[in-house]
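Structure first, then comments.
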Amino acid sequence: EAGLFQVAGIPAVVWGPGDIAVAHRPDEYVEVTDLEACLEVLERLGVDILTE
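Numbering (this note's numbering), first residue to last: 9 to 60.
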């Protein structure tokens with residue numbers, strides 16, 4: 009969706025686990041370590057938001 013936002017002139021950030029070079033392909037995959045790192049960031053973000 010970020011591409012659609014960009015076309016509309018709306019700034020967007022694409023973020024998530026994995027290597028964008030293998031995203032949206034028939035053999036797409038995400039390394040477990042990338043998922044774990046993503047989870048850590050999301051957990052910290054959740055704690056920060058909920059404790060403001």
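Even for Gly, the Cβ is constructed at its ideal location relative to N, Cα and C.
field: Asp5 versus Ala29 - alpha carbon distance
entry: It is not possible to answer for residue 5, since the shown part of the chain is limited to 9 through 60.
query: Which same chain residues, not among the five before or five after Glu9, have their C-beta less than 8 angstroms away from its C-beta?
result: So the qualifying residues of the chain are Ala20.
- request: For Glu36, name the three-state secondary structure that DSSP assigns.
  value: Coil at Glu36, not helix or strand.
message: Tell me the rounded alpha-carbon separation between Arg39 and Leu12.
response: Note that residue 39 is Glu in the sequence shown, not Arg. Per the coordinates, the alpha-carbon of Glu39 lies some 27 angstroms from the alpha-carbon of Leu12.
message: I need the straight-line Cα distance from Val15 to Leu58, nearest angstrom please.
response: Val15 and Leu58 have their C-alpha atoms spaced approximately 33 angstroms apart.
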